Amino acid sequence: MLDEEGVRRRDWIHIAALSAGGVAAIGAIYPLVSQMAPSADVLAASTTDVDLASLEPGMAIKDSFRSQPLFVRRLTPEEIAEAEAVDVSGLRDPQSLAERTKEGRAEYLVTLGVCTHLGCVPLGAASGEEKGEFGGYFCPCHGSHYDTAGRIRKGPAPTNLVVPEYEFTSDTTIRVG
Ligand code: FES
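Under the UniProt record's numbering, the first residue of the sequence shown carries the number 1, and numbering increases by one thereafter.
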């Protein structure tokens, strides 16, 4: 039979043992968690830097982002005006050009080069390629036409070309991802 003092001592021993166990468990888990965190080179590989210095109005650059085609297009003033003149409420995937570009940089349209129907790579980013009925991109797989803001205008694609996360890191460079 334990007296009150004995009970207190026994409880203290249990608490100390549990605490030590908890600390040991955290110590064992931490290396595992820290190993699972992406390393700096993996994080760098998940972004794509694109140099826009040589991109003239009316031209596009094809690149890749996380193993997917990436289109960066510099719109002409006419293409911007064409995109802005569209009544957004009548679009299948209603978005204005301003919503799809950065403030003050409406001439740079950055999208994935992946048709939102079944994933073909649309035409229109390379010079001489067909741009479709709305002057943007054309997916010949099943006939999806995108306009100069990369918005779906005709054909089976359900949504606009995806605008990935990106930022301008200088006047002529963007970082995607
Ligand atoms: S994959 Fe582009 S229209 Fe079908």
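Idealized CB from N, CA, C, for every residue including glycine. No experiment lies behind these values; they were computed from the predicted model shown.
Between the CA atoms of residue j and residue i - distance to the nearest angstrom
| i | j | result |
| --- | --- | --- |
| A157 | C139 | 9 Å |
| R74 | T172 | 11 Å |
| P57 | L109 | 11 Å |
| E165 | E107 | 17 Å |
| V163 | G128 | 23 Å |
| A98 | D49 | 22 Å |
| L70 | S54 | 17 Å |
| K102 | C120 | 26 Å |
| L52 | I174 | 8 Å |
| M59 | P77 | 13 Å |
| Q95 | S170 | 26 Å |
| E82 | R100 | 14 Å |
Proximity below 8 Å, CB of residue i to CB of residue j
| i | j | result |
| --- | --- | --- |
| I61 | V72 | yes |
| R105 | F168 | yes |
| S144 | G136 | no |
| Q68 | L112 | yes |
Nonlocal neighbours in the same chain, by C-beta distance under 6 Å from residue i, ignoring five residues either side
| i | result |
| --- | --- |
| R153 | F134, H145 and D147 |
| E130 | L123 and F138 |
| C115 | P122, C139, S144 and A157 |
| G132 | F138 and H145 |
| C141 | C120 |
Own chain, CB closer than 7 Å to residue i, minus 5 neighbours either side, in chain order
| i | result |
| --- | --- |
| L91 | R151 |
| D93 | R151, I152, T159 and N160 |
Close Cβ partners of residue i (< 8 Å) along its chain, the five nearest in sequence each way excluded
| i | result |
| --- | --- |
| A126 | A60 and K62 |
field: Distance cut 5 Å, beta-carbon to the ligand FES heavy atom: residue list by chain order
entry: One residue list follows from the rule of a beta carbon closer than 5 Å to any heavy atom of the ligand FES, given in chain order as C115, H117, L118, C120, C139, C141, H142 and S144.
message: Can you confirm whether the region 142-152 touches the region 86-98 when touching is taken to mean that 3 or more C-beta pairs between the two stretches lie within less than 8 Å?
response: yes
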